[in-house]
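Undergrad: In this note's numbering, the protein residues as written are 1458 to 1887.
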Amino acid sequence: MSAARTAPQHGARRDPTMPPHSIRPWPLPVAESPRVEAVRAELAVIAGPEERERRAAELATALRAQGTPLVEPAAGDDGEVLVTFLWHGEAPHGVLLFANKISDILDPADTALAPIAETRLHSLTLELPSAWLGTYQFVLPDSPLPAPRLHAPVDMALAAGLRARLVEDPHAREYAPNKLGPVRLAVGRGPGAPELRLAERAELDGPVRIPSPSNGEPLALHRWSHPRATPESPAVLLLDGEVWHEQYPIVAELERRIDAGGCEPVHVLLLESGGPRQRTVDYTADAEAMRALLEAVRAAGAPRSAGLILAGQSLGGLFTALAATRDPDLVLAGVAQSPSFWWPNSGRFGEGRGTWFGERAAAARPSPLVLQGGVLEWDLFRDIRQAAELLRVQGGLLSFDTAVGGHDAHWWQALLPDGLVRAIDAAAGR
1458 MSAARTAPQH
1468 GARRDPTMPP
1478 HSIRPWPLPV
1488 AESPRVEAVR
1498 AELAVIAGPE
1508 ERERRAAELA
1518 TALRAQGTPL
1528 VEPAAGDDGE
1538 VLVTFLWHGE
1548 APHGVLLFAN
1558 KISDILDPAD
1568 TALAPIAETR
1578 LHSLTLELPS
1588 AWLGTYQFVL
1598 PDSPLPAPRL
1608 HAPVDMALAA
1618 GLRARLVEDP
1628 HAREYAPNKL
1638 GPVRLAVGRG
1648 PGAPELRLAE
1658 RAELDGPVRI
1668 PSPSNGEPLA
1678 LHRWSHPRAT
1688 PESPAVLLLD
1698 GEVWHEQYPI
1708 VAELERRIDA
1718 GGCEPVHVLL
1728 LESGGPRQRT
1738 VDYTADAEAM
1748 RALLEAVRAA
1758 GAPRSAGLIL
1768 AGQSLGGLFT
1778 ALAATRDPDL
1788 VLAGVAQSPS
1798 FWWPNSGRFG
1808 EGRGTWFGER
1818 AAAARPSPLV
1828 LQGGVLEWDL
1838 FRDIRQAAEL
1848 LRVQGGLLSF
1858 DTAVGGHDAH
1868 WWQALLPDGL
1878 VRAIDAAAGR
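(1) So for W1544, helix, strand or coil by DSSP?
(2) Would you call R1879 buried or exposed, if buried means 16 or more other Cβ atoms sit within 10 Å of its Cβ?
(3) Which parts of the stretch 1797-1876 are runs of the beta strand (DSSP E), unbroken and 3 residues or longer, counting only runs that do not cross its ends?
(4) For T1741, which of L1789, P1801, L1787 has the nearest alpha-carbon?
(5) Taking the C-alpha atoms as reference points, what is the distance between S1479 and Q1851?
(6) Kindly indicate the opening and closing residues of the beta strand (DSSP E) around T1592.
(7) Determine the DSSP secondary structure at V1723, reduced to helix, strand or coil.
(8) Measure from the alpha carbon of A1495 to the alpha carbon of each residue in P1476, L1520, E1699, then state which is nearest.
(9) For S1730 and L1696, which I take to be in contact (beta-carbon distance under 8 Å), what is that distance rounded to the nearest angstrom?
(10) Could you work out which residue in Q1870, G1815, T1582, S1690 is closest to G1886 when comparing CA atoms only?
(11) Could you spell out the range, first to last residue, of the alpha helix (DSSP H) harbouring G1506?
(12) Can you give me the Cβ contacts of N1672 inside the same chain, cut-off strictly under 7 Å, excluding the 5 residues immediately before and after it?
(13) Tell me, please, which residues DSSP counts as bridged to L1694.
(14) From the DSSP secondary-structure annotation, give me the bridge partner or partners of L1553.
(15) Please classify A1790 as buried or exposed, where buried requires at least 16 neighbouring CB atoms within 10 angstroms.
(16) Here's the rule: buried if 16 or more other CB atoms are within 10 angstroms of the residue's CB, otherwise exposed. What is W1868?
(17) Buried or exposed for W1483, going by 16 or more other Cβ atoms inside 10 Å?
(18) For R1641, which of Y1593, L1678, D1599 has the nearest alpha-carbon?
(19) If we count the other Cβ atoms within 10 Å of its Cβ and call it buried at 16 or more, is E1745 buried or exposed?
(20) Can you give me the Cβ contacts of G1773 inside the same chain, cut-off strictly under 6 Å, excluding the 5 residues immediately before and after it?
(21) Please state the DSSP three-state secondary structure of T1525.
(22) Cα-Cα, which of P1675, E1846, G1551 is closest to G1732?
(23) Tell me whether A1819 is buried or exposed, calling it buried when 16 or more other Cβ atoms sit within 10 Å of its Cβ.
(24) Determine the closest residue to N1865 out of L1711, S1560, M1747, with distance taken between C-alpha atoms.
(25) Three or more C-beta pairs closer than 8 Å, one from the stretch 1821-1841 and one from the stretch 1782-1797: is that the case here?
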């Protein structure tokens, strides 16, 4: 990574598919860990650097004995915990924490770990809610970071350089699948975080290929039906189906809940995205292309009479919310997680954002939605909360669920099964 950067184009027209990004609006909740401070005090009185480094290595091993990050109770009774991220090793240009929607790409140095007593042991302690659940990695820059430019667009060259220097936390007690690269995501959680972890796979039928109505690209569709599902049973359509088939397999969990009487039998369709560019094309499509995709999916994978229950995240959440608004005759209900209600991001000042709100307000009989959002998603959460209020006034809100997390598939998978059960119940009139 080099400090040289391309000058941002302040006057350039906005890309309507590019999410908005503003500096994190709340200060980093830096705190002091009693255990780390005890280590700092012990190391500070060791005069010789070699002996101090030797002892730092021993103390690092002790701090990591139960896995990382280190979690301790915070003072007071506010339900907070102290979460300490640790790194021991060479870091000539520092160590950065890249934690989902805690770190900010506009100011990456804000989440730098600090060396303890001038040793190779580094730490950063944050005071976070007990229910926090998030994924993270570290970055070892190969040169000093440039000064932040808080009102500039994201520096894509700098961001790419930092991503190239990502490393995993080798002592994490838990890891999550990483769809975007080879470096594993470590998982951090407070004692009050959701515990569900989707891991058990089920046998699926397919895939079959259906062409995207927008550009003809083939999209893989996997299928599963509960043994008690009938032609009239609804079909759950999971967007970004590769995530829910490979990274966080969800069908086995749904089957358990159906068998236990927790929800009605269903068919399940998992539609793969085709990759980042293709999902942008399909998930922001106009009303005609969106309906064509829904009809093609149902024709290829579900009984002709089956109504659809959609679930999607980010742009997939937007697709879910739009489909429930535009095509209530096809879509019975939906679960929209961290939906991209900013889309399209148009106009010099972002004044064209959020067309879903107008569509929903004007819709005659839209289908109901479960909305779920992470309270750390500072560029999304306000829109999601306002969307929940609109749906509540309309009588179309099945539930509004929040997680203490960012734009993160790890909390999406923890909350999605409950959201789907509520949507299935609503479709069944339960």
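A virtual CB, placed ideally from N, CA and C, is assigned to each residue, including glycine.
TA: Let me spell this out:
(1) Within the sequence shown, the letter at position 87 stands for residue 1544. W1544 falls in the strand class under three-state DSSP.
(2) Taking the sequence shown and counting its residues from 1, one reaches residue 1879 at position 422. Residue burial is scored here from C-beta neighbours: R1879 has at least 16 other C-beta atoms within 10 angstroms and is therefore classed as buried.
(3) 1826-1831, 1854-1860
(4) Counting from one through the sequence shown, the residue named residue 1741 turns up at place 284. Among L1789, P1801, L1787, the Cα nearest to that of T1741 is on P1801.
(5) The residue labelled residue 1479 in the question sits at position 22 within the sequence shown. The residue labelled residue 1851 in the question sits at position 394 within the sequence shown. Spanning the two alpha carbons is a distance of roughly 31 Å.
(6) Translated into the one-based positions of the sequence shown, residue 1592 becomes position 135. Run containing T1592: 1590-1596, per the beta strand (DSSP E) assignment.
(7) Mapped onto the sequence shown, residue 1723 falls at position 266. It is coil, neither helix nor strand.
(8) Position 38 of the sequence shown, counting from 1, holds the residue named residue 1495. For the residues P1476, L1520, E1699, the minimum Cα distance to A1495 belongs to L1520.
(9) Looking up residue 1730 in the sequence shown gives position 273. Looking up residue 1696 in the sequence shown gives position 239. Between L1696 and S1730 the Cβ distance is about 7 Å, and since that is below 8 Å, they are a contact.
(10) Against the sequence shown, residue 1886 aligns to sequence position 429. Checked all of Q1870, G1815, T1582, S1690; the closest Cα to G1886 is S1690.
(11) Locating residue 1506 in the sequence shown gives position 49, where the first residue counts as 1. First, the amino acid is wrong: residue 1506 is Pro here, not Gly. Run containing P1506: 1506-1520, per the alpha helix (DSSP H) assignment.
(12) On the sequence shown, position 215 is the one that residue 1672 refers to. Excluding residues up to 5 positions away in sequence, V1738 lie with their Cβ nearer than 7 Å to the Cβ of N1672 in the same chain.
(13) As a working note, residue 1694 is residue 237 in the sequence shown. Answer is L1726, L1767.
(14) Along the sequence shown, read from residue 1 onward, the residue named residue 1553 stands at position 96. Beta-bridge annotation (DSSP): L1553 is paired with A1569, V1596.
(15) Counting from 1 along the sequence shown, the entry for residue 1790 is found at position 333. A1790 comes out buried.
(16) As a first step, residue 1868 must be located in the sequence shown, where it is residue number 411. The residue is buried, with at least 16 neighbouring Cβ atoms inside 10 Å.
(17) Taking the first residue of the sequence shown as position 1, residue 1483 is located at position 26. When all chains shown are included, W1483 counts as exposed.
(18) Against the sequence shown, residue 1641 aligns to sequence position 184. R1641 has its Cα closest to that of Y1593, out of Y1593, L1678, D1599.
(19) Position 288 of the sequence shown, counted from the start, is the residue given in the question as residue 1745. Counting Cβ neighbours within 10 Å, E1745 comes out exposed, since fewer than 16 surround it.
(20) Taking the first residue of the sequence shown as position 1, residue 1773 is located at position 316. Cβ-Cβ distances below 6 Å link G1773 to L1696, D1697, Y1740 in the same chain, with the five nearest sequence neighbours on each side left out; the list follows chain order.
(21) Counting from one through the sequence shown, the residue named residue 1525 turns up at place 68. Here T1525 sits in strand by DSSP.
(22) For the purposes of this step, residue 1732 is taken as residue 275 along the sequence shown, with counting starting at 1. Among P1675, E1846, G1551, the Cα nearest to that of G1732 is on P1675.
(23) Reading the sequence shown from its first residue, position 362 is the one you call residue 1819. So A1819 counts as exposed.
(24) The count along the sequence shown starts at 1 and reaches residue 1865 at position 408. With the sequence shown as reference, residue 1865 is identified as Asp, and Asn is not the correct amino acid for it. Here the closest residue by C-alpha is S1560.
(25) yes
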